[in-house]
Each structure stands twice: as C-alpha cells, then as structure tokens.
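One structure below.
Chains as they are written, first to last, in this note's numbering: chain H, 78 to 406; chain R, 454 to 740.
This is how it looks when you write it as structure tokens:
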C-alpha cells in the first residue's frame, strides 16, 4: 500500500470522468482524496453518460487525457471489459459476490433504490404510484432522462412496471403506466434536473434515491419527500473499472483503494453520507465501521429488493427501443 | 458589417494584369482549414456510416434510415427548419428594413444590432429553460398550452435566435439599397409597388435566399435547445444521433449515428442544390 501511494504521488494526477459533484457526494470524495494524497484530480465531462465514458477512453487512450477510472452502469461495464484492467482492492472480500466480476475487471461501488421524490407541500403524502394519475399532478411527473438512453430512467420505468404488478422480466407494464400518465396529461417530458425542480416545473421526479435527496435537488428537507413503493423496491448499482491503458495507473489503483476504504472518512462512508448505499455496507454494518447516522438517514425500504440481471436489462432496453416513443408520443 | 457585396451592386471591375506566380499560396490556409474541419470530418462520417459495429462493411446502417422513427425524425427536422427559417427570415427581413430606414448613427440602430448579436447566440439549455420557466407548464407569465406542441412550440423558441440572426446577416444587404434608386424610380413615374417589384426585390432576393439558407442550416444542426425542451421523444435527427451516441442501456450504435449524419448531409446537399438553382435565377440580372 505504501508503495502504491508513493507511485501514485509520483504520477501526481488522476483523470476521472462523468462524476457530477452533486452525484453520490462525489464533490467531497474528490476533495478528500486530493487532501489525503496530494494528487490533483482532473474531472472530465462531469455530466457524460456511461457510454460516453467508454468512447472517451477509446478516443483518448495513448494520451495523458484519457480517463484513468470509470464509473459506469451495468450494461456498459459488461460490454466493455476488453478496455479494463483487472484489480482487486484490499477490501475485496467485503464486497458481495453478486456485485463483482470474478477477476476484478469491474466491481459494484455504490447503488440505491429507484424512488419518487416530490414536493409534499404541494401534494401531501404520496404512498402509491397510482396516485400520480390523479388530476392534481398535471404536467408534474418527470423522469431523470430518456429511458432508451439513461439507465436511471430505464429503471424508473421498470419500477413503475413492478408497482403495476409486472415482473422484472418485462417492462411493458411500466411503459403502459407512463402511457396512462401521458394520456392523463401528467407526464412532463423534459428531463428533471435540480434546476427544473427549483423552477417548480417537475415537482415529482423518478430517480435513484441518492439523487433524489432534498440536499441534491436543493429543496428544503421539510417539504421534499422521497418514497420507495413497497411492492417495487428496484435496486441498481454502478460499477468501478480501471482503464487498462490508464495514463496514471498507480493513481487509478489508489483511487479504487480509497473508494472502497472503510475508514470513517473514506469512499464507502462518504457515498453513504451522499445518500448512496455503498457496496460494503453489509460488511461494514457488522464490523462497526459504518457511519451510523448517515445509514439511519436513508429512506426506508420494505420488501425484498430486486436487481435487474443483464438479460432483463437488455430485454427492457429492446422493448423500450420499439415501444417507448409510440407509448408517450 | 460592411459586406454589402452580396447584393452585387454595380459591375465588377475587369481583372487587370497577370497574377503573380505564387498567388495560390494565399488560399492555402483556407483550403487547409476547410480540409481539416469540413472535408475530413465529412469523409469520416461517410466512411463510418458503412462500417459495422464488429468491423467490416455493411449496408445495415443505411437501411436503418428507412425505419419509422428515423423517417419521422427527418420529416420533423425538415418541418422545423422550414417553419423556423421562414418565420425568422420574413420577420428578420422586415426588422432589418425598419432598422435600415432609421437613422444610420441612431441609438435605436445600435441597440438593435447589439441586441441581435447577443440574441442570435442565445440558445441551448438556457434558452429552452427560459421559455419553460416563462410560458411552460408552470410558467411564471402564462401557461401556454401549445408550448409543448411540435413543431410550433419549438419553432417559436428557435425564432428567438433565428430572427436576430436574420437581422445581422440581412441588414448589410438592405443598407446597400440607395435612396437615389427609389428617387429614380419615382422620377420615372414608378409607384412604390414598381420600386419594390422591379428594383428592391430583385436586388435583395439573392441575399434573402442566402440568409434563409443559413437559417435553415442553423435550425437543422441545433441540438441542445430541442433536447432540453423535449427529452422523451426524438422529433428531429440530431436527437436521434444523440441517442445513438450516448445510450448507456445498451442501445448505443455509433455507426447508425454516422448513417443519420450522412442523411443530414444529403438533406443539406439537396437544399443547397435548390438554393443554387434559385440563386441562379434570382441573380440572372447581375450578369
């Protein structure tokens, strides 16, 4: 470890990509990493998608500008393993087997559950998705992106599918729910962002719970509420991967060690503070290293969480490619 | 803003003397620039449009152009460009004429030119958001029901930068109209209609068509504004290209994006050809 730190310090820089400062506490994570190791973090294109991360390393590999590490969705991670270097962090055994590629090509880092964030001052308490079809939600319900493009939005539609009684094998019921939402005049088809929420144009938002917190969307915690439908607890993880041609290979590996560190101020607990559920949460809860107040602040989850398999996610994407525009056009 | 040459007033001076032997050197920077930033990217797009995702040549990307959603996107692009460039060109031309007939050193003229310069560049997420917050579903000013209708809602937003752009590019042509020509027409017994029909319109038509073409291309390539206005439905081709590049749920297909871009190039070539034919007719008197 001390050799790794020395080598990383000698490189002096780390290129990260697609990490918005208000996403899962990445702003503070980057700041703390720099403070600890004196390594400058060069944050490239914070709002890029996972697909664009891969394109960036394909285009920039061989230059000092290529991203060293990626934080990508499951579909992109499994499709791009030829670009990754295998690496197992020191805390490898604390990561659930289902979240890691056996040889360490990619590994789940943090995740959350699909949720509905809303302005309770305007709507009162929401307890089921069907309420959203009511007349007081005219033009108010939005997704965080287009489900044929953005993973979070695809999961938003899938969550509606589960809430409607569908299974993870088919997203059709969710598409149908959004069709009804559109017919009711309640589906706002602009992309929800903290800016649209602040302007009051998207007061109901489907998004990962860690992106739907009052702090991230910039709303008062007393009125911005988040709920996860009891019969539709849909989880999703993001994955870390190291660019096999990383211009700063030691810094990249040190960054991974930092992200998976169980220190009281380290990657795992900082993600938790940002409202995301870190991969080692279960292990850290049993060994007592978890930040208890941050863990207690997470929105409650009932029922057994569902995680899409790669086959289910692909089937959902293909169904959306053929049917989404028709359903909401 | 002194490029009134587009109106082609007066005869060109005959070229005198021989050219110096190295005169072509002067064109090298331009040709290199156009080559690197226009021809090379175009070539790469065309090349890649026939490439498969697993390497090798294929026509699959091109045949994907003939599917329902893609046809809809091309029709949508065409509609939006025609509407927004027509409205922008007509209103912008009227505004340019109004400005040109005012005091050439007046504060109004300077205000309009400065304002147009700023507003012609106002686009993207900020513009879409400005309209969303003003007349969108929860608009501060009003809630316009047609705001989210395609193509009229987004065409109105596009006009916000199309009209000022028209003012900027068309004003020099209108400035080229000399007051003496109008006086001459009147001295010969011509009415206002005669002046416009036989003097001003023929003089301005080539510049008007050129400016309209610019507006058309401007609307065709705009992406960020319409993407911020409508995230869920791909109304126009740039949105489809965006989807083929950034989809992180496994639907990205870069080469299909290249084929879509090739389709846009073909569209521009068709429009340009039409423009040159029209321009040839409109400018016949210049020869």
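Here a beta-carbon is modelled for each residue, glycine too, at the ideal position from N, C-alpha and C.
Which same chain residues, not among the five before or five after residue i, have their C-beta less than 6 Å away from its C-beta?
i, result
"residue 578 of chain R", "677, 681"
"residue 147 of chain H", "130, 318"
"residue 162 of chain H", "319, 321"
"residue 455 of chain R", "Caution applies to residue 455 of chain R, whose pLDDT of 41 falls short of 50 and renders its modelled position unreliable; the value that the coordinates give is listed next. Once the five neighbours on either side are set aside, residue 455 of chain R has no close Cβ partner at all."
"residue 458 of chain R", "Low local confidence applies: a pLDDT of 42 at residue 458 of chain R is under 50, so the model's placement there is unreliable, and no value is given."
"residue 138 of chain H", "322"
"residue 464 of chain R", "Bear in mind that a pLDDT of 49 at residue 464 of chain R, under 50, signals an unreliable position, so the number given afterwards is only what the model happens to contain. Same-chain partners within the cutoff: there are none."
"residue 241 of chain H", "250, 254"
"residue 382 of chain H", "310, 312"
"residue 38 of chain H", "No information on residue 38 of chain H is available, as it lies outside the stretch 78 to 406 that chain H covers here."
"residue 166 of chain H", "333, 334, 337"
"residue 615 of chain R", "537, 541, 668"
"residue 581 of chain R", "678, 681, 682"
"residue 610 of chain R", "584"
"residue 744 of chain R", "Residue 744 of chain R cannot be examined here, being either before or after the span of chain R that is shown, 454 to 740."
"residue 181 of chain H", "163, 164, 165"
Residues of chain R with CB closer than 7 Å to the CB of residue i, please, in chain order.
i, result
"residue 268 of chain H", "684"
"residue 341 of chain H", "Going along chain R, no residue has its Cβ under 7 Å from residue 341 of chain H, so there is no contact; the nearest lies around 33 Å."
"residue 265 of chain H", "590"
"residue 358 of chain H", "Under the 7 Å cutoff, chain R gives no residues; its nearest Cβ is about 24 Å from residue 358 of chain H."
Which chain H residues are close to residue i, counting only those with a beta carbon under 8 Å from its beta carbon?
i, result
"residue 702 of chain R", "150, 152, 224, 225, 226, 227, 228, 231, 390, 393, 394, 397"
"residue 681 of chain R", "267, 268"
"residue 696 of chain R", "223, 225, 226"
I believe residue i touches residue j by the beta-carbon criterion, under 8 Å. Please report the beta-carbon distance rounded to the nearest angstrom.
i, j, result
"residue 246 of chain H", "residue 234 of chain H", "Actually they do not touch by this definition, with Cβ atoms about 14 Å apart."
"residue 189 of chain H", "residue 85 of chain H", "With a Cβ gap of about 29 Å, residue 189 of chain H and residue 85 of chain H do not count as contacting."
"residue 654 of chain R", "residue 626 of chain R", "Residue 654 of chain R to residue 626 of chain R, Cβ: 12 Å. No contact."
"residue 687 of chain R", "residue 402 of chain H", "7 Å"
"residue 667 of chain R", "residue 622 of chain R", "6 Å"
"residue 91 of chain H", "residue 325 of chain H", "6 Å"
"residue 515 of chain R", "residue 712 of chain R", "5 Å"
"residue 315 of chain H", "residue 186 of chain H", "6 Å"
"residue 289 of chain H", "residue 278 of chain H", "Going by Cβ atoms, the distance from residue 289 of chain H to residue 278 of chain H rounds to 16 Å, so no, they are not a contact pair."
"residue 110 of chain H", "residue 191 of chain H", "Between residue 191 of chain H and residue 110 of chain H the Cβ distance is about 29 Å, and since that is not below 8 Å, they are no contact."
"residue 219 of chain H", "residue 294 of chain H", "In fact, because the Cβ distance is near 12 Å, the residues do not count as touching under 8 Å."
"residue 121 of chain H", "residue 133 of chain H", "7 Å"
"residue 529 of chain R", "residue 603 of chain R", "7 Å"
"residue 222 of chain H", "residue 268 of chain H", "6 Å"
"residue 710 of chain R", "residue 720 of chain R", "Residue 710 of chain R to residue 720 of chain R, Cβ: 15 Å. No contact."
"residue 125 of chain H", "residue 94 of chain H", "6 Å"
What residues of chain R sit near residue i, judged by a beta carbon separation below 8 Å?
i, result
"residue 278 of chain H", "585, 586, 589, 590, 591"
"residue 126 of chain H", "699, 700, 701"
"residue 405 of chain H", "685, 686"
"residue 272 of chain H", "582"
"residue 317 of chain H", "Going along chain R, no residue has its Cβ under 8 Å from residue 317 of chain H, so there is no contact; the nearest lies around 15 Å."
"residue 345 of chain H", "Residues of chain R passing the Cβ test: none, with the nearest at roughly 24 Å."
Can you find the residues in the same chain that come closer than 7 Å, C-beta to C-beta, to residue i, ignoring five residues on each side of it along the sequence?
i, result
"residue 155 of chain H", "387"
"residue 261 of chain H", "210"
"residue 389 of chain H", "245, 246"
"residue 199 of chain H", "280"
"residue 587 of chain R", "593, 594"
"residue 473 of chain R", "none"
Excluding the five sequence neighbours on either side, which residues of its own chain have a C-beta within less than 8 Å of the C-beta of residue i, listed in chain order?
i, result
"residue 647 of chain R", "638"
"residue 362 of chain H", "372"
"residue 398 of chain H", "225"
"residue 510 of chain R", "503, 504"
"residue 495 of chain R", "718"
Run through chain R and tell me which residues come within less than 9 Å of residue i, C-beta to C-beta.
i, result
"residue 156 of chain H", "703"
"residue 414 of chain H", "Nothing can be reported for residue 414 of chain H: it is not among the residues displayed for chain H, which extend from 78 to 406."
For residue i, which residues in chain H fall below 7 Å Cβ to Cβ?
i, result
"residue 716 of chain R", "Neighbours of residue 716 of chain R on chain H: none; closest Cβ ~18 Å, over 7 Å."
Got a sec: which bits of the stretch 190-223 of chain H sit with their beta carbon under 9 Å from any beta carbon on chain B, in order along the chain? Of the protein chains in this structure, namely H and R, none is chain B.
Runs of alpha helix (DSSP H) lying entirely within the stretch 99-130 of chain H, each at least 4 residues, in chain order: Runs of the alpha helix (DSSP H) inside the stretch 99-130 of chain H: 103-114.
I'd like the ranges of any beta strand (DSSP E) spanning at least 3 consecutive residues and lying wholly in the stretch 699-738 of chain R. With a minimum length of 3 residues, no continuous beta strand (DSSP E) run stays inside the stretch 699-738 of chain R.
In the stretch 520-551 of chain R, which residues sit with their C-beta less than 7 Å from some C-beta in chain H, listed in chain order? Listed by position, the residues of the stretch 520-551 of chain R near chain H (Cβ gap below 7 Å) are 522.
Quick one: which residues of the stretch 121-146 of chain H get their C-beta closer than 7 Å to a C-beta of chain R? List them in chain order. Shown in chain order are the members of the stretch 121-146 of chain H whose Cβ falls below 7 Å from a Cβ of chain R: 126, 127, 128, 129.
Which complete alpha helix (DSSP H) runs does the stretch 289-369 of chain H hold, if anything under 4 residues is left out? Complete alpha helix (DSSP H) runs here, min 4: 291-294, 326-336, 344-350, 358-364.
Curious, which full-length alpha helix (DSSP H) runs of at least 4 residues does the stretch 590-624 of chain R contain? Listed in chain order, there is nothing to give.
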